[in-house]
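A.B. asks:
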Amino acid sequence: MRDGPLTELHWLGVAEAAKAIAEKDLSPVELMKALLDRIATLDPKLNAFIRLDGEAAMQAAKAAEAEATAGRLRGKLHGVPVGIKDIINVAGLPTTGHSKILQGNLASADAVCVEKLRGAGAIVMGKLSTHEFAIGGPSFDLPWPPARNPWNTGHHPGGSSSGSGSGVSAGLFPMALGSDTGGSVRNPASCCGIVGLKPTYGLVSRRGVFPLSFTLDHIGPMTRTVADNAMMLEVIAGHDPHDPGSAAVPNGHYAAGVERSVRDLRVGFIRHFHEIDVPAEPEVTAALEHVARTLQLEGAEVRDVHLPTLGEFGAVNRVILQSEAWAIHGPWLRERPGDYGQLARRRLMAGAFFSAGDYVQAQRRRLEMIAEVEAALRDVDVLLCASSMDPACRIDRPADLERTYPRQARTPFNVTGHPALAMMAGLSQDGLPLSVQFVGRYFDEATLFQVARAWEQASGVDRKHPPIV
Amino acid sequence: MDKAMIELLARRAGLTKALAEFPEDVTAAATQAANVVEKIKQPIDPAAEPWPPMRAGTGL
Chain A
59 MRDGPLTELH
69 WLGVAEAAKA
79 IAEKDLSPVE
89 LMKALLDRIA
99 TLDPKLNAFI
109 RLDGEAAMQA
119 AKAAEAEATA
129 GRLRGKLHGV
139 PVGIKDIINV
149 AGLPTTGHSK
159 ILQGNLASAD
169 AVCVEKLRGA
179 GAIVMGKLST
189 HEFAIGGPSF
199 DLPWPPARNP
209 WNTGHHPGGS
219 SSGSGSGVSA
229 GLFPMALGSD
239 TGGSVRNPAS
249 CCGIVGLKPT
259 YGLVSRRGVF
269 PLSFTLDHIG
279 PMTRTVADNA
289 MMLEVIAGHD
299 PHDPGSAAVP
309 NGHYAAGVER
319 SVRDLRVGFI
329 RHFHEIDVPA
339 EPEVTAALEH
349 VARTLQLEGA
359 EVRDVHLPTL
369 GEFGAVNRVI
379 LQSEAWAIHG
389 PWLRERPGDY
399 GQLARRRLMA
409 GAFFSAGDYV
419 QAQRRRLEMI
429 AEVEAALRDV
439 DVLLCASSMD
449 PACRIDRPAD
459 LERTYPRQAR
469 TPFNVTGHPA
479 LAMMAGLSQD
489 GLPLSVQFVG
499 RYFDEATLFQ
509 VARAWEQASG
519 VDRKHPPIV
Chain B
92 MDKAMIELLA
102 RRAGLTKALA
112 EFPEDVTAAA
122 TQAANVVEKI
132 KQPIDPAAEP
142 WPPMRAGTGL
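Protein sequences, first through last, are from chains A and B.
In terms of the working numbering, the first sequence opens at residue 59 and continues consecutively.
In terms of the working numbering, the second sequence opens at residue 92 and continues consecutively.
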């Protein structure tokens with residue numbers, strides 16, 4: 059379709075690739091071949107895939123090329139490859155949850171979010187590594203190895219959507235689906251230096267996704283840029299009358315407004331999260347202050363905001379998550395405890411030790427916490443806070459993983475259901491991504507993207523790629 | 092939570108097999124649960140409702 063390369067094809071973003079394909083400047087087959095070649099070279103070091111479906115992906119790319127040549131585009135993602143976390147159903151492929159428990163569990167139909175991506179023309183490349191059942195990891199006692207961080211393969215890529223974060227960051231695919239129950243989209247986004255959104259609870263259908271916790275589960279887009287994230291959300295968002303948690307709200311138009319100025323927007327900075335509740339590494343604190351100053355220079359007003367402590371948010375999240383997960387996993391934990399990895403076994407069995415009263419009290423406190431975040435968002439348009447308090451630690455040091463995993467500020471917004479986006483805030487002295495989180499009002503992802511894009515544009519974080527070759 | 096209590100609760104939850112094969116994991120799970128509950132403030136208002144609320148007529 060064209061003579062020379064546009065750019066390195068593996069760094070083409072979602073919007074760039076879709077545009078080039080629609081304008082017949084790029085062949086979907088050429089793009090797919092470039093990505094499959096890159097996967098063949100890099101994935102043995104990254105383990106982003108549990109199952110690469112390369113042959114089917116190439117066939118779909120050929121069909122996409124024929125359609126594009128004939129001027130028939132399926133939608134705004136025509137010919138753009140996507141990776142799918144392996145708790146999300148893709149018809150004809152197993153959904154394993156990265157667990158021995160579900161090995162060979164063949165999905166008969168696409169999850170709604172996958173169906174929507176395919177409807178828009180996206181091409182599924184395969185299933186991606188996750189912490190076991192989106193809770194137990196990184197683990198070395200499972201049928202597949204854990205994914206690695208492309209910024210340094212000795213380090214953790216974050217989880218639980220580990221393969222999604224690793225693969226997007228390394229240029230194996232331009233977009234991926236993740237899920238987020240206690241921060242599982244935003245943690246790998248933070249560790250791998252990409253953009254990860256946990257949308258408002260109920261904005262994206264969970265039908266066809268293996269549940270972890272019914273009232274905390276969210277499906278979210280993971281991309282290398284804010285605009286790509288908005289574009290992906292436009293495709294996967296929407297009411298699903300067969301998902302009991304789905305919100306009956308009109309589809310949003312998220313991509314159109316990302317370039318709007320943040321002048322006069324009010325940003326609430328939750329400093330106590332990283333200064334008092336869980337003191338962050340100095341590099342993280344400095345990066346967050348830099349983000350706040352940059353937004354001020356762009357014309358936003360930044361003021362301090364106070365919410366309940368991270369410790370309490372985390373406890374409420376944990377009681378609800380583990381109680382609901384126990385309801386799902388109890389039968390297998392009773393009969394097949396040895397088929398879980400140790401981390402998942404320990405975390406999932408904890409749900410057996412909460413009382414019904416513990417669960418209800420956590421849900422009562424949850425409603426109070428929602429009211430407190432809502433009150434804060436009446437005075438400001440967006441919240442700014444830490445995501446991770448540390449850069450990614452080494453993957454082979456269980457004590458470091460145990461220490462750093464709870465040092466985060468993501469669970470509050472699973473508890474309250476507000477939309478929250480994590481992205482790169484800079485690089486550490488060791489060359490690992492640092493992160494920032496923006497939080498918006500319910501169903502106001504558009505403003506979230508606007509602020510995130512202002513930071514991205516001013517800082518150029520979207521132009522930073524891991525050194526892996 | 093002492094060992095006897097952990098064993099009692101584990102058996103009540105049907106975790107007999109896990110207790111026999113992975114006793115340290117059962118203890119770790121019970122300890123995690125005990126440590127987390129005490130961090131949650133109890134709502135003062137007796138009428139404080141849980142989330143999500145029951146809403147008649149919004150089922151599938």
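Ideal Cβ placement from N, Cα and C applies to all residues, glycine included.
Along chain A, which residues have their Cβ under 8 Å away from the Cβ of lysine 94 of chain B?
C.D. replies: In chain order: nothing, as chain A lies at least about 13 Å away.
A.B. asks: Quick one: list the residues of chain A neighbouring proline 143 of chain B, beta-carbon separation under 7 Å, in chain order.
C.D. replies: Near proline 143 of chain B (Cβ distances below 7 Å), the residues of chain A are Thr273.
A.B. asks: Mind checking the stretch 401-435 of chain A against chain B and listing, in chain order, the residues whose C-beta falls within less than 7 Å of any C-beta there?
C.D. replies: Listed by position along the chain: Arg403, Arg404, Met407, Ala408, Ala410, Phe411, Phe412, Asp416, Val418, Gln419, Ala420, Gln421, Arg422, Arg423, Arg424, Leu425, Glu426 and Ile428.
A.B. asks: Measuring alpha carbon to alpha carbon, tell me which residue in A:Ala510, A:Ala192, A:Ala205 and A:His214 is nearest alanine 483 of chain A.
C.D. replies: Cα-wise, what sits closest to alanine 483 of chain A is A:Ala510.
A.B. asks: Between the C-alpha atoms of methionine 280 of chain A and valine 243 of chain A, what's the straight-line distance to the nearest angstrom?
C.D. replies: Distance between the alpha carbons of methionine 280 of chain A and valine 243 of chain A: 7 Å.
A.B. asks: Answer yes or no: does any C-beta atom of chain B fall closer than 7 Å to that of arginine 60 of chain A?
C.D. replies: Reliability fails at arginine 60 of chain A, whose pLDDT of 41 lies under 50, so the model's placement of it is uncertain and the value that follows must be treated cautiously. So, not an interface residue.
A.B. asks: Which of the residues in the stretch 364-378 of chain A, read from start to end, lie with their CB under 7 Å from any CB of chain B?
C.D. replies: For the stretch 364-378 of chain A, which is checked against every Cβ of chain B, the residues closer than 7 Å are Gly369, Glu370, Ala373, Val374, Arg376 and Val377.
A.B. asks: Near alanine 109 of chain B, what residues of its chain come up, given a Cβ to Cβ distance below 8 Å and the 5 sequence neighbours on each side ignored?
C.D. replies: Taken in chain order, the residues that qualify are Ala101, Asp116 and Val117.
A.B. asks: Please determine if the stretch 412-429 of chain A and the stretch 312-323 of chain A are in contact, where contact requires at least 3 C-beta pairs separated by less than 8 Å.
C.D. replies: No, they do not touch.
A.B. asks: Quick one: residues in its chain with C-beta nearer than 8 Å to the C-beta of alanine 358 of chain A, no 5 flanking neighbours on either side, listed in chain order?
C.D. replies: Val320, Arg321, Asp322, Leu323, Arg324, Val325, Val509 and Ala512.
A.B. asks: Under 7 Å between C-beta atoms, does proline 477 of chain A make it to chain B?
C.D. replies: So, not an interface residue.
A.B. asks: Using the Cα positions of glycine 475 of chain A and tyrosine 500 of chain A, report the straight-line distance between them to the nearest angstrom.
C.D. replies: Taking the straight line from one Cα to the other gives about 8 Å.
A.B. asks: For valine 374 of chain A and isoleucine 131 of chain B, which I take to be in contact (beta-carbon distance under 8 Å), what is that distance rounded to the nearest angstrom?
C.D. replies: Indeed, because the Cβ distance is near 6 Å, the residues count as touching under 8 Å.
A.B. asks: Looking at chain A, is there any beta carbon in it that lies within less than 7 Å of the beta carbon of glycine 105 of chain B?
C.D. replies: Chain A contact via Cβ: present.
A.B. asks: Is there a Cβ from chain B that is less than 7 Å from the Cβ of arginine 392 of chain A?
C.D. replies: Output row for arginine 392 of chain A: interface = yes.
A.B. asks: Under a Cβ-count criterion, where at least 16 other Cβ atoms within 10 Å of its own Cβ denotes burial, should glycine 137 of chain A be classed as buried or exposed?
C.D. replies: The residue in question, glycine 137 of chain A, is buried, as its Cβ has 16 or more Cβ neighbours within 10 Å.
A.B. asks: Could you have a look at glycine 62 of chain A and say whether DSSP puts it in helix, strand or coil?
C.D. replies: Low confidence applies here, because glycine 62 of chain A scores a pLDDT of 44, under 50, leaving its location unreliable; read the following figure in that light. Correct three-state label for glycine 62 of chain A: coil.
A.B. asks: Go ahead and pull the three-state DSSP assignment for proline 203 of chain A.
C.D. replies: Coil at proline 203 of chain A, not helix or strand.
A.B. asks: If you pair each beta-carbon of the stretch 382-402 of chain A with each one of the stretch 356-372 of chain A, do three or more pairs fall below 8 Å?
C.D. replies: These segments do not touch.
A.B. asks: Any Cβ of chain B within less than 7 Å of the Cβ of glycine 484 of chain A?
C.D. replies: It does not; no Cβ of chain B falls within 7 Å.
A.B. asks: Near alanine 122 of chain A, what residues of its chain come up, given a Cβ to Cβ distance below 7 Å and the 5 sequence neighbours on each side ignored?
C.D. replies: Here the set comprises Pro86, His136, Gly137, Gly179 and Ile181.
A.B. asks: Would you report the Cα separation of arginine 404 of chain A and tyrosine 398 of chain A, rounded to the nearest angstrom?
C.D. replies: One C-alpha to the other measures close to 9 Å.
A.B. asks: May I ask which residues mark the beginning and end of the beta strand (DSSP E) holding arginine 109 of chain A?
C.D. replies: Unbroken beta strand (DSSP E) run through arginine 109 of chain A: 107-110.
A.B. asks: Note down the Cα distance separating glycine 278 of chain A from isoleucine 146 of chain A, rounded to an integer number of angstroms.
C.D. replies: Using only the alpha carbons, I get a separation of about 11 Å.
A.B. asks: Under 8 Å Cβ-Cβ, which residues of chain B neighbour glycine 396 of chain A?
C.D. replies: The answer, in chain order, is Glu112 and Phe113.
A.B. asks: In the stretch 240-278 of chain A, which residue ranges form an unbroken beta strand (DSSP E) of at least 3 residues, counting only runs that do not cross its ends?
C.D. replies: Listed in chain order, the complete beta strand (DSSP E) runs (minimum 3 residues) inside the stretch 240-278 of chain A are 253-256.
A.B. asks: Could you check how far apart the C-beta atoms of proline 269 of chain A and isoleucine 386 of chain A are, in whole angstroms? I think they sit under 8 Å.
C.D. replies: Confirmed, about 6 Å.
A.B. asks: By the three-class DSSP mapping on this structure, what secondary structure does leucine 131 of chain A have?
C.D. replies: In the structure shown, leucine 131 of chain A sits in coil (DSSP, three-state: anything other than H, G, I, E or B).
A.B. asks: Does the beta carbon of alanine 124 of chain B come closer than 7 Å to any beta carbon on chain A?
C.D. replies: Output row for alanine 124 of chain B: interface = yes.
A.B. asks: For arginine 521 of chain A, name the three-state secondary structure that DSSP assigns.
C.D. replies: It is helical.
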